[in-house]
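Visitor: This structure is in structure tokens; I'll ask about it shortly.
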Amino acid sequence: MTKESVTNILVELGKKLGFRVGTEIQASDSAWVDVVWFDDRFDFGPKKEDKWSKVKTWRQPVLPVAGFEIEASAGAKPLKGSIANLND
Numbered sequence: 529m530t531k532e533s534v535t536n537i538l539v540e541l542g543k544k545l546g547f548r549v550g551t552e553i554q555a556s557d558s559a560w561v562d563v564v565w566f567d568d569r570f571d572f573g574p575k576k577e578d579k580w581s582k583v584k585t586w587r588q589p590v591l592p593v594a595g596f597e598i599e600a601s602a603g604a605k606p607l608k609g610s611i612a613n614l615n616d
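Start counting at 1 in the sequence shown, then tack on 528, and there's your number in the numbering used here.
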């Protein structure tokens, strides 16, 4: 499977489960998370027409429920870097 196909699966699954879904979410000045599911009951993020992918989690009061770092290969990025992105 490609990174794009896994991303698409996670986006569709998140939507079916009732989450607002964003891709390439900026978690800090230097870290992005590939796919994030947000709880829409705590919806202070973008308006319905706006893209959730523009959310900056440290600047907007949103509630991320799950974040996914997707790697195309085992050597694409050290595991430590992926965990750091999720922790920022």
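We treat Cβ as the ideally placed atom computed from N, Cα and C, and that holds for glycine.
For residue 543, collect the residues of the same chain with a Cβ closer than 7 Å to its Cβ; drop the 5 residues on either side in sequence, then sort them by chain order.
Guide: Taken in chain order, the residues that qualify are 549.
Visitor: Expressed to the nearest angstrom, what Euclidean distance is found between the alpha-carbon atoms of residue 601 and residue 541?
Guide: Residue 601 and residue 541: Cα-Cα distance of roughly 22 Å.
Visitor: Output the distance between the C-alpha atoms of residue 570 and residue 545, rounded to the nearest integer angstrom.
Guide: Approximately 16 Å between the Cα atoms of the pair.
Visitor: From residue 536 to residue 596, what does the alpha carbon distance come to, in whole angstroms?
Guide: Approximately 12 Å between the Cα atoms of the pair.
Visitor: Alpha carbon to alpha carbon, how far is residue 534 from residue 561?
Guide: Rounded to whole angstroms, residue 534 to residue 561 spans 14 Å at the Cα level.
Visitor: Assuming residue 598 and residue 563 form a contact by the criterion Cβ under 8 Å, report the distance between their Cβ atoms to the nearest whole angstrom.
Guide: Confirmed, about 7 Å.
Visitor: List the residues that DSSP assigns as beta-bridge partners of residue 550.
Guide: Partner(s): 564.
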